[in-house]
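The structure under discussion appears below in the form of structure tokens.
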Amino acid sequence: MNISPYVYVGLKRTNISHSSPEIIFDRLLREVSTDFNMSGEQLLSRRRWRDCIYARQIMSYILRIHYRMKVTSIGALMGKRDHSTILHSTKQHYNDYECSAEYREICDRILKKMGVL
Numbered sequence: 010m011n012i013s014p015y016v017y018v019g020l021k022r023t024n025i026s027h028s029s030p031e032i033i034f035d036r037l038l039r040e041v042s043t044d045f046n047m048s049g050e051q052l053l054s055r056r057r058w059r060d061c062i063y064a065r066q067i068m069s070y071i072l073r074i075h076y077r078m079k080v081t082s083i084g085a086l087m088g089k090r091d092h093s094t095i096l097h098s099t100k101q102h103y104n105d106y107e108c109s110a111e112y113r114e115i116c117d118r119i120l121k122k123m124g125v126l
């Protein structure tokens, strides 16, 4: 019996529809920034506003889990952030997703727009 490695670690297997990570990132940035009603520059800035933090968390989660991008690549695309920042952001996503109904609704809406949910 052959067990898929994605089933073993509890992750869903998703096919990447684009060959270039920049194309995926640009599309995701556009979707997230319109959903949070802010510009892409504000979203990728160093601001610590709650909306900016939530938007960056959702982006790092989607890129890491659903598109299987490396944390160093995600950090480079998101404004020269360190890999540990991306790991922390992804871990915080699970906590916020579980505790906040509003955050969960926003995240699910973006996942549907990206076609991965």
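Offset between the sequence shown (1-based) and the numbering used here: plus 9. Every residue gets a Cβ at the ideal spot worked out from N, C-alpha and C, and that includes glycine. In this text, all values refer to a predicted model and were calculated from it rather than measured experimentally.
Taking C-beta separations shorter than 7 Å and ignoring five residues to either side along the sequence, the partners of L53 in its chain run M87, G88, following chain order. In the structure shown, the three-state DSSP call for V125 is coil. Within the same chain, and ignoring the five residues on either side of E107 in sequence, no residue has its Cβ closer than 7 Å to its Cβ. CA-to-CA, the gap between K122 and L38 works out to about 12 Å. Annotation: the continuous alpha helix (DSSP H) that includes F34 extends over 30 to 44.
When the five nearest sequence neighbours on each side are left out, the beta carbons in the same chain lying within less than 8 Å of the beta carbon of L126 are those of D117, L120, in order along the chain. The residues S69, Y70, R73, in chain order, have a CB closer than 6 Å to that of T99 in the same chain once the five nearest residues on each side in sequence are set aside.
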